[in-house]
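Under this note's numbering, the residue at position 60 of the sequence shown is numbered 118, and the numbers go up by one with no gaps. Where a beta carbon is used, it is the ideal one built from N, C-alpha and C, also for glycine. Everything numeric in this text was worked out from a predicted model, so none of it was measured. Inspection log for the structure reproduced underneath, given as C-alpha cells.
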Amino acid sequence: MAVERKYNLPDPATNDSSEEVRNFFDKFFLHQISFPSNQIDAVIGFFLKRGFDEQAARSTCIVLLNQARLENVNPLKLVDSLKGYTDVQLSQVVTEVLNVYRDKRSALGYKLTVLEETLESRNIVQ
Numbered sequence: 059m060a061v062e063r064k065y066n067l068p069d070p071a072t073n074d075s076s077e078e079v080r081n082f083f084d085k086f087f088l089h090q091i092s093f094p095s096n097q098i099d100a101v102i103g104f105f106l107k108r109g110f111d112e113q114a115a116r117s118t119c120i121v122l123l124n125q126a127r128l129e130n131v132n133p134l135k136l137v138d139s140l141k142g143y144t145d146v147q148l149s150q151v152v153t154e155v156l157n158v159y160r161d162k163r164s165a166l167g168y169k170l171t172v173l174e175e176t177l178e179s180r181n182i183v184q
C-alpha cells in the first residue's frame, strides 16, 4: 500500500532528494531565447542614451524584448514609442513592465506627485 505524500516533503523511505534536484537543474538552462543583434543593440543604446547604467540597460532590454515577443510587437517600434516620454514617464513605464516579471512581494514602486491644489493645502506651511 502506497503512502500519500503531503506538503512536498521528501519521501522518508529514501531520504535522498538529490535526484529530483539534479533533474530540475539539468533542465533549467535548456530554454534559450535569441533575438537579432540589431534589436538588442538598438534597445540597449536607447536606454544608455537615457542615462541608464550598462547592466540596467541590458536587463531592461531583455525584459522589453521578451514582452514585445509575447505581444507580437516589433521591439524597434516599441522603443520608438518610448522616445517621446520624459525621464520620469520612462521610469514609470519601465517600472510597470519590470513589475510584470517580479514576484508581487517585491514589486517596484514610484511616487506620483499631486499637482492639484486644494483649499486645505494653502494652510500648510512648509
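Using the Cβ count rule (16 or more neighbours within 10 Å means buried), how would you classify residue i?
| i | result |
| --- | --- |
| A126 | buried |
| V152 | buried |
If you run the structure through DSSP and keep just helix, strand and coil, what is residue i?
| i | result |
| --- | --- |
| A165 | coil |
| G142 | coil |
| V131 | coil |
| S92 | coil |
| E112 | helix |
| E77 | helix |
| E154 | helix |
I think residue i touches residue j, with their Cβ atoms under 8 Å apart; what is that distance to the nearest whole Å?
| i | j | result |
| --- | --- | --- |
| L123 | P133 | 5 Å |
| A115 | L128 | That belief does not hold up - the Cβ atoms of A115 and L128 are roughly 20 Å apart, past 8 Å. |
| R108 | D145 | 7 Å |
Cβ atoms of residue j and residue i: under 8 Å apart, would you say?
| i | j | result |
| --- | --- | --- |
| I91 | C119 | no |
| L156 | V121 | yes |
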